[in-house]
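For the sequence shown, position 170 (counting from the first letter as 1) is numbered 170 according to the numbering used here, and the numbering increases by one without interruption. Heads up, the beta-carbon is just placed ideally off N, CA and C, and yes, glycines get one too. None of the values given here were measured: they were computed from a predicted structure.
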Amino acid sequence: MAIWHYPKSAAPRAIDDRGERRLRRCVRANRRATVEQLTAQMNQGATKSVSSTTNAEQPYIRIIFPQNDGIYQQDNARCHTARSVCAWFEEHQDEFTVLPWPENSSDLNPIENLLDHLDRVVRAMDPQPHNLAQLATALESAWLNIPVNTFRNLIDSLPARLAAVRSAKGGYSGF
């Protein structure tokens, strides 16, 4: 999970780490996944570790970056910082560069804005969802009501986000 700027007294998030990863797969710059795609991702039973997924992708990495000049960026999510994954990155360090992700930099991750929006919409509902089925319905409704141009705007805001984080020397940037 990326770092959030919430006080310790804040309520927990409505979406857990696994749900967040699955949601990320459904977000693209210029379109929103269908409810069926979103549901399939959220209901997916088995997940692969980053190292096994990356092992499967390694031949493609070599084709795309034959000079071993590829760059991998991750957001310090627990699945990316597990010992086995860090060991895999260490073992393959000559094949690509892993960019460091600055701490307290959820500002750089546009998915955080979508997750925050979904969380706020669900928390504002009256009555609140009381079980998983109601929560799923509430999240689906909130998801479907996000304007499609929001995705493009979030992606287009990345240069400004980077500049703001640089100006704040890695601290809170206001995004």
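Per the DSSP secondary-structure output, phenylalanine 96 pairs in a beta bridge with Gly70.
In the same chain as valine 98, and ignoring 5 residues on each side of it, the C-beta atoms closer than 6 Å to its own belong to Tyr72, Phe89, in chain order. The Cβ atoms of asparagine 68 and glutamate 91 lie no closer than 8 Å to each other.
Rounded to whole angstroms, the gap between the alpha carbons of glycine 70 and glutamate 140 is 36 Å. Proline 100 is not a Cβ neighbour of leucine 154, given a cutoff of 8 Å. Arginine 120 has its alpha-carbon roughly 17 Å from the corresponding atom of leucine 132. The C-beta of arginine 166 has fewer than 16 other C-beta atoms within 10 Å across all chains shown, which makes the residue exposed. A Cβ-Cβ separation of about 5 Å places arginine 161 in contact with phenylalanine 175 under the 8 Å criterion.
Taking C-alpha positions only, leucine 118 is separated from glycine 171 by approximately 24 Å. Counting only the Cα atoms, aspartate 126 lies some 47 Å from alanine 87.
Secondary structure of phenylalanine 175 (DSSP, three-state): coil.
Note that the C-beta distance between valine 122 and alanine 136 is not below 8 Å. Where aspartate 156 is concerned, the enclosing alpha helix (DSSP H) starts and stops at 149 to 156. An exposed status is given to leucine 158, since fewer than 16 other beta-carbon atoms sit within 10 Å of its beta-carbon.
The C-alpha of glutamine 74 lies about 25 Å from the C-alpha of asparagine 149. According to the DSSP assignment, tryptophan 88 belongs to the alpha helix (DSSP H) that extends over 83 to 91. Ranked by Cα distance from alanine 77, the first of Ile146, Gln134, Glu112 is Glu112. Scanning its chain for C-beta atoms nearer than 6 Å, with the 5 sequence neighbours on each side dropped, one finds around proline 129 the residues Leu135, Ala138, in chain order.
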